[in-house]
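My numbering numbers the first residue of the sequence shown as 53 and each following residue consecutively. We treat Cβ as the ideally placed atom computed from N, Cα and C, and that holds for glycine. Right, one structure below, let's go through it.
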Amino acid sequence: MSLPPILYRVFKAPLPYQQTLALQHQIHQLQLSRRKAGAEYPDVLLLLQHRPTYTGGRRQNAQDLSAEESRLTGIGADWVPTDRGGETTFHGPGQIVGYPLLDLGRMKMSVRTYVCRLEKLMQRQVAEHGLKHVQSEHTGLFMSPTRKLGSIGVQVRHRLTTHGFAFNVTEEPLSWFNQVVACGLVDVKATSISQAVAELAPSGGKAESGVTVSGEMERTLRIFADLMERDVKKLEDSPDDELLSVVTALEDVAAKAGDWPRHPVVR
């Protein structure tokens, strides 16, 4: 039996991280409870940008997390400890974040295969700009041994996925990344698609004018559907009112949050 389309939502305004994390948990519980009841439940993809936020991972101890929180909130960002793998990283405008909330069991997909497909998604994303990535012993997308463009951090509970992938589109996130040792990689700096395209241009050339977050969102959705071998459908076109209501509630929160700092406040 073929699986139903993955329901997706592309958010326009940058979302606060804490409330978006709560939304993931809400959808996870909705999927789990419906599955246990034998009812229909959706697979979901959330595509978005965050307000400037640093997040910690499970590999860090409480003392390290407390020190990071004090320093990073002081430069204008939010700080959120999470249950994903990895260490401190940054999420913010100019970066595409994808949260696939999928049932790997009914997709008959291993966690290893799932993570590999998320890596392949980012590899194809940059390849369509004529960019070449390099292989790395670390998870994520690297344009050189010392330049990282994208990250992956997932959690799987009851065969249901949360968290996901993130990659830099514009140069806006880079100054924020410069304030931390992202993912614990001391000698690695962040880069973006727009920066990599500009470096690829002949001397004196200009960065590709078509590199925008909205344009890359469309590309991400297409590649994601292809790699997961699933059709996709706008969430708002589905009859799932319960799911739609929790998603639109978060959009209302984002709209009311107003503007955000474009650069870290470094004294």
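Nearest neighbour of residue 268 by Cα position, chosen from 300, 192, 218, turns out to be 218.
The Cβ atoms of residue 254 and residue 104 lie no closer than 8 Å to each other.
Of the residues assessed, residue 197 falls on the exposed side of the cut-off, its CB having fewer than 16 other CB atoms within 10 angstroms. If you draw a straight line from the Cα of residue 189 to the Cα of residue 204, it comes to about 13 Å. As for any alpha helix (DSSP H) of minimum length 4 sitting wholly inside the region 63 to 151, the runs are 69 to 88, 114 to 125, ordered along the chain. By the neighbour-count criterion, in which 16 or more other beta carbons inside 10 Å mark a residue as buried, residue 297 falls on the exposed side.
Per DSSP, reduced to three states, the secondary structure at residue 161 is coil, with no helix or strand assignment. Between residue 225 and residue 246, the gap from beta carbon to beta carbon reaches 8 Å or more. Distance from residue 79 to residue 280 at the Cβ level is roughly 17 Å; contact not present, criterion being Cβ atoms closer than 8 Å. Under the rule that a run must span 4 or more residues, no alpha helix (DSSP H) segment is found entirely inside the region 266 to 304. Between the beta-carbon of residue 273 and that of residue 284 there is about 6 Å, and that keeps the pair under the 8 Å contact cut. Using a Cβ distance threshold of 8 Å, residue 101 and residue 147 count as a contacting pair.
Judged by DSSP secondary structure, residue 253 falls outside any beta strand (DSSP E); it is assigned neither H nor E. Residue 91 and residue 178 have their C-alpha atoms some 39 Å from each other. For residue 195, the closest C-alpha among the options 55, 249, 157, 308 is that of 249.
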